Amino acid sequence: MVNQSNKVTNTNITKLVNKTYQYGFSTSIEKDIIEKGLNKETVQLISQKKKEPEFLLDFRLKAYKKWKQMSEPEWAYLKFPQIDYQDIIYYSAPKAQKKLKDLSEVDPELLKTFEKLGISLNEQKRLSNVAIDAVFDSVSIATTFQEELSKSGVIFASISEAVHDYPELIEKYLGSVVPIGDNYFAALNSAVFTDGSFCYIPQDTICPLDLSTYFRINDEKSGQFERTLIVSEKNSQVNYLEGCTAPQYDTNQLHAAVVELVAMENANIKYSTVQNWYSGNEFGNGGVYNFVTKRGLCAGTNSKISWTQVETGSSITWKYPSCVLVGDNSQGEFYSVALTNNYQQADTGTKMTHIGTNTRSRIISKGISAGKSKNSYRGLVNVMSKAVGARNYSQCDSLLIGNSSNANTFPFISVQNSTTKIEHEASTSKIGEEQIFYFLQRGICLEKAVELMISGFCREIFTELPLEFAAEADKLLTLKLEGSVG
Amino acid sequence: MNLNSPLLEIKDLKVSINDNEILKSLNLEINKGEIHAIMGTNGSGKSTLSKVLAGHPAYSVLDGDILFKGSSILDIDPEDRSHLGIFLAFQYPIEIPGVSNEDFLRLAYNSKQKFYNKPEVDPLEFLSIIDEKLKLVSMSPSFLSRNVNEGFSGGEKKRNEILQMILLDSELSILDETDSGLDIDALKIISTGINNFMDENKSIVLITHYQRLLDYITPTYVHVMQDGKIIKTGSAELAKELESKGYEWLTV
């Protein structure tokens, strides 16, 4: 009896999960491209095209050298064919154009692309209090509200702009949290990163707007290597949002980003991501390979960094937003929902390194696996010997949909201080046919039933997201699961 | 809908699960205003019958037909059967973590409203609707904020089923062993709820093992099921006879 009902659930679940990807269009536009392949010359050419100062070229070349000596990490619970790094375009930019004075000079095709994605770059049309940096393939095309932000001393610019306008800040902080040789993908990014966002919140400032970057991969053969750097000075506060989509191609695109956060004394950074890169089709063809290094440094006492992520896209996700808690009484948080479907694979989690006294960390991870996907939580709570009174609370919940999906948790805990308090909770549950039948019998259709159960499962995470993001995330999850339950 | 036809007509129904034939040529006719009690030993097919009527996807109908208000419902999805007026009170109500009873009940109510092109109610309006129904089954409003059936006692789960039955106001309610596992007080509350709910436009099917429930709810007919068929039909007296003589008396 169990078997039979499971069969039925599976077919219905499949129906619900397999909804088409609505961001799968591509934009045709004139581009400036560096021919595919990676060598020292490519790195030099990128730096040259971006007219970078000497220190940055050095940074890139050192990273390239490191990268050459390293090999791809193999410890993650992921399976994918060898990536050919010579078959990737490392620089692709919409043909420009001198420096843009305002939005009216942006290619209307590009503006249309972002409008289609539901992102209005038109400041007159703004609905919410969010400043946006829009990154298209390798280059930031527009950053809104810069003027308004600068009144309070906040710098919000594309990293390429910042390199020219604030070179001393970039030189000081770039690579300070994620060193160039940190890992294979971080080294690659450090060598070839093309754009991204830079935010600087001066002392005693609460950033008046939420800051947001929207990443869009457009080219079939191009990789996206963005770099984000956020520095929050003493007693400052910022909310940062990140969104991403890509067109639908049969081939895989590589995305290897590095995000560095620095929080000084009493500073508070909240970083939220809704990741919706193209995840491949129902047979596992195509999709983005997402190898991301995100790390925050709580440098000052009482500082706080909070990561919230909703990961729904990419065919491969390799991502561990982490906190290094150096300042006494500093806090790190990680809230995550990762949804995988079809042949998607996600190996994601966090690292909390407790160095200062009375440092606290909190990890809430929710994994949802449907189809034939693999979804793993991997976490490390590392308490160093001087972290007197450190505390950690971790909770990892997995939800399985159907019979062919896979959920794993790999929690590592290392404690070198006897005053530490660590709590870890984990659970695994499954949306079963009997639950669904109960909803149906009460007249509630399949989609609604799943939506209700999924948002119930993710509630703790969604409450951490900014309001408009939370609604989007809720919708997104339901959409991704359409056709997969029942 | 044919006004003269019975509310429910089951004709020569044969049903299997995993290639096991459970219902073997079952016939039953239920008219508005009637209460039918279905009794029988474990494994006689009572629960299968209730699930098949509600459209559970694990069962296959091999032969025969089920007519509801004169039309066949074999090709109708479970959620639409619910909207048309078939309610099943589950023998083992399902726990749904993370979903509050209030959201669940409101969604169920609004789904039916929508089906009949009636306006959906907002959470505030719904509270006043549900508040009244809660009283009918002696449930406290605090119940609404708890997750559906999660951590409910056996009695609370069954009361929740009756609450849903009253809320959805279905014409045909099938109560699968709603009396099992209840103490005498809970049994009284539930029976009162059912009796108040019943009127001349509705029908109820009570699936039960025991005469006990029938002390509080008087059935129009009592059927005895065995091996996938109804082997005897009688009045309320039949239940009492069964209670004293056991089922074997019928099969010899």
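Residue numbers (the working numbering), protein chains in the order written: chain W, 1 to 486; chain F, 1001 to 1252. Positions of the beta carbon are idealized from the N, C-alpha and C atoms, including for glycine. From a predicted model like this one, the values you see are computed outputs, not experimental measurements.
{"query": "Cα-Cα separation between residue 1112 of chain F and residue 1077 of chain F, rounded to whole angstroms", "result": "14 Å"}
{"query": "With 16 other Cβ atoms within 10 Å as the buried cut-off, status of residue 75 of chain W", "result": "exposed"}
{"query": "N- and C-terminal bounds of the beta strand (DSSP E) containing residue 424 of chain W", "result": "421 to 431"}
{"query": "Residue 1179 of chain F burial status per 10 Å Cβ neighbour count (16 or more: buried)", "result": "buried"}
{"query": "DSSP beta-bridge partners of residue 208 of chain W", "result": "The partner list for residue 208 of chain W (beta bridge, DSSP) is empty, contrary to what the question assumes."}
{"query": "Among F:1083, F:1125, F:1103 and F:1229, nearest to residue 1043 of chain F - alpha-carbon criterion", "result": "F:1229"}
{"query": "Sequence-distant residues of its chain with Cβ nearer than 7 Å to residue 33 of chain W (five each side left out)", "result": "89, 91 and 92"}
{"query": "Residue 356 of chain W - containing alpha helix (DSSP H), residue span", "result": "Note, residue 356 of chain W: premise wrong, no alpha helix (DSSP H); not H, not E."}
{"query": "Chain F within 8 Å of residue 532 of chain W, Cβ atoms only", "result": "Residue 532 of chain W falls outside the range modelled here, since chain W spans only 1 to 486, and no answer is possible."}
{"query": "Chain F residues whose Cβ lies nearer than 8 Å to that of residue 434 of chain W", "result": "1094"}
{"query": "Burial state of residue 471 of chain W, where buried means 16 or more other Cβ atoms lie within 10 Å", "result": "exposed"}
{"query": "Candidates W:479, W:381, W:339 and W:412: closest to residue 399 of chain W by CA position", "result": "W:339"}
{"query": "Three-state secondary structure assigned by DSSP to residue 1225 of chain F", "result": "strand"}
{"query": "Inter-stretch contact at 8 Å, needing at least 3 Cβ pairs: the region 447 to 459 of chain W / the region 413 to 420 of chain W", "result": "no"}
{"query": "Interface residues of the region 1168 to 1181 of chain F facing chain W [CB-CB below 9 Å]", "result": "1168"}
{"query": "Proximal residues of chain A, C-beta to C-beta of residue 429 of chain W below 7 Å", "result": "Checking the listed chains, one finds no chain A in this structure; the protein chains it contains are W and F."}
{"query": "Assigned exposure category for residue 133 of chain W - 16 Cβ within 10 Å defines buried", "result": "buried"}
{"query": "N- and C-terminal bounds of the beta strand (DSSP E) containing residue 456 of chain W", "result": "Here residue 456 of chain W belongs to no beta strand (DSSP E); instead the alpha helix (DSSP H) covers 446 to 462."}
{"query": "CA-to-CA distance, residue 1084 of chain F to residue 412 of chain W, given in whole angstroms", "result": "54 Å"}
{"query": "CB-CB length for residue 426 of chain W against residue 396 of chain W, believed under 8 Å", "result": "5 Å"}
{"query": "Rounded straight-line distance, which links the Cα of residue 1071 of chain F to that of residue 1008 of chain F", "result": "9 Å"}
{"query": "Residue 1068 of chain F: contacting residues in chain W (beta-carbon distance under 9 Å)", "result": "Near residue 1068 of chain F there are no residues of chain W at all, since even the closest Cβ is about 14 Å away, more than 9 Å."}
{"query": "Entirely enclosed alpha helix (DSSP H) segments - the region 1099 to 1171 of chain F, minimum 4 residues", "result": "1101 to 1115, 1123 to 1136 and 1154 to 1168"}
{"query": "Distance, residue 318 of chain W Cα to residue 179 of chain W Cα", "result": "18 Å"}
{"query": "Alpha-carbon to alpha-carbon, residue 278 of chain W and residue 251 of chain W", "result": "11 Å"}
{"query": "Below-8 Å beta-carbon distance, residue 1083 of chain F vs any chain W residue", "result": "yes"}
{"query": "Burial state of residue 182 of chain W, where buried means 16 or more other Cβ atoms lie within 10 Å", "result": "buried"}
{"query": "Cβ-heavy atom distance, residue 69 of chain W to the ligand FMN, below 7 Å", "result": "In terms of ligand content, the structure shown is empty, and the ligand FMN therefore cannot be addressed."}
{"query": "Residue 1090 of chain F - DSSP class collapsed to helix/strand/coil", "result": "coil"}
{"query": "CB contact flag (residue 386 of chain W, residue 422 of chain W, <8 Å)", "result": "no"}
{"query": "C-beta atoms of residue 253 of chain W and residue 288 of chain W nearer than 8 Å", "result": "yes"}
{"query": "DSSP three-state assignment for residue 1066 of chain F, whether helix, strand or coil", "result": "strand"}
{"query": "Per-residue contacts from residue 445 of chain W into chain F (C-beta, under 9 Å)", "result": "1077, 1079 and 1111"}
{"query": "Among W:227, W:173 and W:184, the one whose alpha carbon lies nearest that of residue 197 of chain W", "result": "W:227"}
{"query": "Separation of residue 1243 of chain F from residue 453 of chain W, as counted between CA atoms", "result": "43 Å"}
{"query": "Exposure of residue 1203 of chain F, with buried meaning 16 or more beta-carbon neighbours within 10 Å", "result": "buried"}
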